[in-house]
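Read the structure below first, then the notes.
4 protein chains.
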Amino acid sequence: MLDRLKEEVYQANLDLPKYGLVKFTWGNVSACDRDSGLFVIKPSGIAYDQLSAKDMVVVNFDGEVVEGEFSPSSDTATHAVLYKHFEEIGGISHSHSMWATVWAQAGLDLPAMGTTHADTFYGAVPCARFLTEEEVNRGYEVETGKLIIETFEKRNLDVMAVPGVLLQGHGPFTWGKDAKSAVTNSVILDEVAKMNLFAKQLNEFAEPLPQRILDKHYLRKHGKHAYYGQKPST
Amino acid sequence: MLDRLKEEVYQANLDLPKYGLVKFTWGNVSACDRDSGLFVIKPSGIAYDQLSAKDMVVVNFDGEVVEGEFSPSSDTATHAVLYKHFEEIGGISHSHSMWATVWAQAGLDLPAMGTTHADTFYGAVPCARFLTEEEVNRGYEVETGKLIIETFEKRNLDVMAVPGVLLQGHGPFTWGKDAKSAVTNSVILDEVAKMNLFAKQLNEFAEPLPQRILDKHYLRKHGKHAYYGQKPST
Amino acid sequence: MLDRLKEEVYQANLDLPKYGLVKFTWGNVSACDRDSGLFVIKPSGIAYDQLSAKDMVVVNFDGEVVEGEFSPSSDTATHAVLYKHFEEIGGISHSHSMWATVWAQAGLDLPAMGTTHADTFYGAVPCARFLTEEEVNRGYEVETGKLIIETFEKRNLDVMAVPGVLLQGHGPFTWGKDAKSAVTNSVILDEVAKMNLFAKQLNEFAEPLPQRILDKHYLRKHGKHAYYGQKPST
Amino acid sequence: MLDRLKEEVYQANLDLPKYGLVKFTWGNVSACDRDSGLFVIKPSGIAYDQLSAKDMVVVNFDGEVVEGEFSPSSDTATHAVLYKHFEEIGGISHSHSMWATVWAQAGLDLPAMGTTHADTFYGAVPCARFLTEEEVNRGYEVETGKLIIETFEKRNLDVMAVPGVLLQGHGPFTWGKDAKSAVTNSVILDEVAKMNLFAKQLNEFAEPLPQRILDKHYLRKHGKHAYYGQKPST
Numbered sequence: 003m004l005d006r007l008k009e010e011v012y013q014a015n016l017d018l019p020k021y022g023l024v025k026f027t028w029g030n031v032s033a034c035d036r037d038s039g040l041f042v043i044k045p046s047g048i049a050y051d052q053l054s055a056k057d058m059v060v061v062n063f064d065g066e067v068v069e070g071e072f073s074p075s076s077d078t079a080t081h082a083v084l085y086k087h088f089e090e091i092g093g094i095s096h097s098h099s100m101w102a103t104v105w106a107q108a109g110l111d112l113p114a115m116g117t118t119h120a121d122t123f124y125g126a127v128p129c130a131r132f133l134t135e136e137e138v139n140r141g142y143e144v145e146t147g148k149l150i151i152e153t154f155e156k157r158n159l160d161v162m163a164v165p166g167v168l169l170q171g172h173g174p175f176t177w178g179k180d181a182k183s184a185v186t187n188s189v190i191l192d193e194v195a196k197m198n199l200f201a202k203q204l205n206e207f208a209e210p211l212p213q214r215i216l217d218k219h220y221l222r223k224h225g226k227h228a229y230y231g232q233k234p235s236t
Numbered sequence: 003m004l005d006r007l008k009e010e011v012y013q014a015n016l017d018l019p020k021y022g023l024v025k026f027t028w029g030n031v032s033a034c035d036r037d038s039g040l041f042v043i044k045p046s047g048i049a050y051d052q053l054s055a056k057d058m059v060v061v062n063f064d065g066e067v068v069e070g071e072f073s074p075s076s077d078t079a080t081h082a083v084l085y086k087h088f089e090e091i092g093g094i095s096h097s098h099s100m101w102a103t104v105w106a107q108a109g110l111d112l113p114a115m116g117t118t119h120a121d122t123f124y125g126a127v128p129c130a131r132f133l134t135e136e137e138v139n140r141g142y143e144v145e146t147g148k149l150i151i152e153t154f155e156k157r158n159l160d161v162m163a164v165p166g167v168l169l170q171g172h173g174p175f176t177w178g179k180d181a182k183s184a185v186t187n188s189v190i191l192d193e194v195a196k197m198n199l200f201a202k203q204l205n206e207f208a209e210p211l212p213q214r215i216l217d218k219h220y221l222r223k224h225g226k227h228a229y230y231g232q233k234p235s236t
Numbered sequence: 003m004l005d006r007l008k009e010e011v012y013q014a015n016l017d018l019p020k021y022g023l024v025k026f027t028w029g030n031v032s033a034c035d036r037d038s039g040l041f042v043i044k045p046s047g048i049a050y051d052q053l054s055a056k057d058m059v060v061v062n063f064d065g066e067v068v069e070g071e072f073s074p075s076s077d078t079a080t081h082a083v084l085y086k087h088f089e090e091i092g093g094i095s096h097s098h099s100m101w102a103t104v105w106a107q108a109g110l111d112l113p114a115m116g117t118t119h120a121d122t123f124y125g126a127v128p129c130a131r132f133l134t135e136e137e138v139n140r141g142y143e144v145e146t147g148k149l150i151i152e153t154f155e156k157r158n159l160d161v162m163a164v165p166g167v168l169l170q171g172h173g174p175f176t177w178g179k180d181a182k183s184a185v186t187n188s189v190i191l192d193e194v195a196k197m198n199l200f201a202k203q204l205n206e207f208a209e210p211l212p213q214r215i216l217d218k219h220y221l222r223k224h225g226k227h228a229y230y231g232q233k234p235s236t
Numbered sequence: 003m004l005d006r007l008k009e010e011v012y013q014a015n016l017d018l019p020k021y022g023l024v025k026f027t028w029g030n031v032s033a034c035d036r037d038s039g040l041f042v043i044k045p046s047g048i049a050y051d052q053l054s055a056k057d058m059v060v061v062n063f064d065g066e067v068v069e070g071e072f073s074p075s076s077d078t079a080t081h082a083v084l085y086k087h088f089e090e091i092g093g094i095s096h097s098h099s100m101w102a103t104v105w106a107q108a109g110l111d112l113p114a115m116g117t118t119h120a121d122t123f124y125g126a127v128p129c130a131r132f133l134t135e136e137e138v139n140r141g142y143e144v145e146t147g148k149l150i151i152e153t154f155e156k157r158n159l160d161v162m163a164v165p166g167v168l169l170q171g172h173g174p175f176t177w178g179k180d181a182k183s184a185v186t187n188s189v190i191l192d193e194v195a196k197m198n199l200f201a202k203q204l205n206e207f208a209e210p211l212p213q214r215i216l217d218k219h220y221l222r223k224h225g226k227h228a229y230y231g232q233k234p235s236t
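Below, the structure is given as structure tokens:
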């Protein structure tokens, strides 16, 4: 069942330790199949070097396991809520990567301070508030997903133009058109979080990236006038 | 004698350089056998690439060598005091890992600022005071063990819920049910110490992790209602 | 066409990930052939592990592709402007390397704070201002090249004595007599940017490197009285 | 000539990049033979992967080349002055390692803030002043050596109890009984420089390591009552 997607999700999970984003069994990546309304996610708490593609768990958009020998990631319900609400999302990555987590623990939005940021995130990456007592009791993981939706709606953000969020006191979620791009965005978010932290330390009065440069860099890589990379026909 | 335990302790010692926690011969890991009232520890000052499992030294809970060709770690007496007092502890790890040592040198408790911390440490990791002149003269390593006990008793901490301590001006000790988990806790402590340092730098007014989130994260991984990872039957 | 130069440029591009200066497809290195008035540059957005020397693109000093299956780097026009104006430059390297980018995002010149800097850069590395709205609209990459020229002319800097620049909010460009030395200068710039950041944090009143030491270190490696390294005849 | 020493010096030089202390051809390690009054040092500006033991250069204590195909390190005269003056020194290592250089560029002594420091350096590592114009003109490298001697004499320091120095605006020199221990001390100095930097940032009012702990840690590893490591007979 969904064997090709399982392989993609498995490979994308391996990219988390490869890029230094996780230690031990931390982190989880998933990808969805819109036709069947299902997604594939890493099992919970299994070491990366003991995983194989067939261990990936198949889950529906209500977070119910459809196929799989193992229990899925403890964050599965968060993934499910996001796939159900945001139809553009094809893959999701969660980690406690060092520098994005530093911003999350500081409880601050990650501002667009440079073109490395602007190449991928079209503006600040928002930091979502702590869950309330009531939300925690109602269901921590489902409510985390709902909070991400709330955060993007309140700020009127395009989920594909800003493909990530920081959860206060916790860490980042990123997403993309598939599992691989979700992890790529995790790597970039962490890199930018590190750059911006030290740039802010070096000059607390540093000017933010002007809108004209933000536009230029984002739009030369994204949208119909993009000219970065090779044309599809190549 | 205790060959299986020696192998476990040997492997756990090798994890110290593997995870970047030590340089040269620094650091030492031990594990105990409650039935015989003995523990196994790394010999002192021997390079990691020249160690083998059979070089591990067997010691009793009074710190006396029972078997072994080499002198045990110079910190052996500290391990002995901890095993003797805390019956839950099965393994102990000591290093001068960078970021935990930074907090130790700063003389500060490591506060619970994020869920990465809460997943393993149920609250702040305490920083124990400097030993007094009298304590140093009486026996540095034994008194270090007693100071750790004093620190946990004064603060009324559960040694397994907060499986680590910082020694002011020195570095961390961590422990767990066995040698491997003791080292895992060293890795996590160092990771969290780094995150928390930079989060504090980024926002000195960052809110501490609310108790509800600390509870949620700690208890979804520990205790009878835990749901992280795979069920034992799997 | 220019096969030897393509090989040099290909190898120099591989040095960017080797020295940890780039992630993914970021970064681009070129080198020019003064006789033919052409330069060779990396294609845009192709993964480093899928590149080969023959994929390098040949471009003239007006930024027009002369030979190549792929589209050249999106920053090609910046390279072209620099080769056309500065006849001493044989190779150019661009990346978003962490620490040089931190200074660029802070919008600050990188001062000469130590001999590691003075061994390669004969004085501060300038930070060029943001492009204006008009410049962005006129042509982002061409104008970036012109801005670098403006920056060096306004400050009366020798482009080979200070072989690099920071672009505000963006990142560094470095250059040298060939592709290899351009990348070497990128590595050194990033190393120095890191040193200087933390030295400034440690002591905001640190004395700048005295001119006599700056002279000594730069001139023992460069110019006709240099005595570092081996004599050409060796 | 001195083949065994050349091999030791060659291996110790390779340890500089192995431990991440140098990039490119930076850094140089030497060791001396007290019987012949000669020392062996790395040639200048040759890449580490192109070196072999036979390329090492033999020099006398006046800095004159006695044997060798290549020019010796440009810092050779500094090594010579130190060997001539300090008869206890058997090996010397020089690098621009990141964190020691940060302290050198900040122009500050590296204080003993923790036991990692105390295990090797019996007190603060001094930062020597900038050379004067006159000294630079008289002979930069010879005067650097004399300045190190002046620094240790003025402060009445034992060169073997504090086996290293920071040169303001430049970087560290360390030494030891042989080439290997000189490099080991470089590694430790850099590690401690990093720890102390961040500990100071975390708590600017952190207490210095009390003398009783400094004594305990230094003396359990050094001198006739040392009990760290294995007895020589083992």
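Chains as they are written, first to last, in our numbering: chain A, 3 to 236; chain B, 3 to 236; chain C, 3 to 236; chain D, 3 to 236.
No residue lacks a Cβ here, since even glycine has one placed at the ideal position from N, Cα and C.
In this text the structure is predicted, and so the values were computed from the model without any measurement.
- In the DSSP assignment, Gly178 (chain B) forms a beta bridge with B:Gly93.
- Between Asp17 (chain C) and Val185 (chain C), the CB-CB gap stays under 7 Å.
- Pairing Val31 (chain C) with Ala49 (chain C) gives a Cβ-Cβ distance that is not under 7 Å.
- For Glu209 (chain B), the chain A residues whose C-beta falls within less than 9 Å of its own C-beta are Gly109, Phe132, Gln170 and Gly171, listed in chain order.
- The beta carbon of Lys179 (chain A) sits closer than 6 Å to the beta carbons of Gly92 from its chain, once the five residues preceding and following it are set aside; these are given in chain order.
- For Phe72 (chain B), the closest Cβ of chain D is nearer than 7 Å.
- With fewer than 16 neighbouring CB atoms inside 10 Å of its own CB, His227 (chain C) falls in the exposed class.
- Listed in chain order, the positions of the region 195-227 of chain B with a beta carbon within less than 8 Å of a beta carbon of chain D are Leu199, Lys202 and Gln203.
- Gly166 (chain D): member of the beta strand (DSSP E) spanning Gly166 to Leu169, first to last residue.
- About 6 Å separates the beta carbon of Asn198 (chain B) from that of Leu112 (chain B), a gap short enough to meet the 8 Å contact definition.
- Of B:Trp28, B:Ile43, B:Leu216 and B:Gln52, the smallest CA-CA separation from Asn139 (chain A) is found for B:Leu216.
- If you ignore the 5 residues before and after Ala201 (chain C), its C-beta comes within less than 8 Å of the C-beta of Met115, Gly116 and Ala208, all in its own chain and listed in chain order.
- With its beta carbon at least 7 Å from every one in chain A, Thr122 (chain B) lies outside the interface.
- Remark: C-beta atoms of Tyr220 (chain A) and Val164 (chain A) do not approach each other more closely than 7 Å.
- Met100 (chain C) has a beta carbon lying at 7 Å or more from every beta carbon in chain D.
- With a 10 Å radius around the Cβ and a threshold of 16 neighbouring Cβ atoms, Ser183 (chain A) comes out buried.
- At a cut-off of 7 Å between beta-carbon atoms, Thr118 (chain C) makes contact with chain D.
- Inter-residue distance for Ala106 (chain D) and Thr146 (chain D) is about 14 Å (C-alpha atoms, whole angstroms).
- By the CB criterion at 7 Å, Pro174 (chain D) and Ala102 (chain D) fall inside the cutoff.
- DSSP places Asp35 (chain D) in the strand class (E or B) of the three-state scheme.
- Just measuring C-alpha positions, the residue of D:Thr118, D:Ser95 and D:Tyr12 sitting nearest Phe26 (chain B) is D:Thr118.
- Closest option to Arg157 (chain D), judged by alpha-carbon separation, among D:Trp177, D:Asp57, D:Ser38 and D:Cys129: D:Cys129.
- Using a Cβ-Cβ cut-off of 8 Å, Gln232 (chain A) is close to Pro45, Ser46, Gly47, Ile48, Phe72 and Ser73 of chain C, given in chain order.
- Within the region 137-149 of chain A, Val138 and Tyr142 place their CB atoms closer than 7 Å to a CB of chain B, listed in sequence order.
- Note that the C-beta distance between Pro74 (chain D) and Val61 (chain D) is below 7 Å.
- Between the C-alpha atoms of Thr80 (chain D) and Asp192 (chain D) there is a straight-line separation of about 21 Å.
- Interface flag for Glu135 (chain D) against chain C is set, since a Cβ pair is found closer than 7 Å.
- Contact between Lys8 (chain B) and Val42 (chain B) holds, since their C-beta atoms are separated by about 5 Å, short of 8 Å.
- Going by DSSP, Glu69 (chain C) is part of the beta strand (DSSP E) stretching over Val67 to Glu69.
- Per DSSP, the continuous beta strand (DSSP E) segment holding Ile43 (chain D) begins and ends at Leu40 to Ile43.
- Within the region 78-93 of chain B, contact with chain D at the beta-carbon level (separation under 8 Å) is assigned to no residue.
- Under the DSSP assignment, Asn139 (chain B) falls outside any beta strand (DSSP E), being part of the alpha helix (DSSP H) whose first and last residues are Glu135 to Lys156.
- Proximity to Phe88 (chain B) across B:Gly171, B:Ile151, B:Tyr21 and B:Lys44 peaks at B:Ile151, based on C-alpha coordinates.
- Between Val104 (chain D) and chain C, the shortest Cβ-Cβ separation is below 7 Å.
- Within the DSSP secondary-structure output, Asn30 (chain C) pairs in a beta bridge with C:His96.
- Look at Pro212 (chain D) here: in three-state DSSP terms it is coil, with no helix or strand label.
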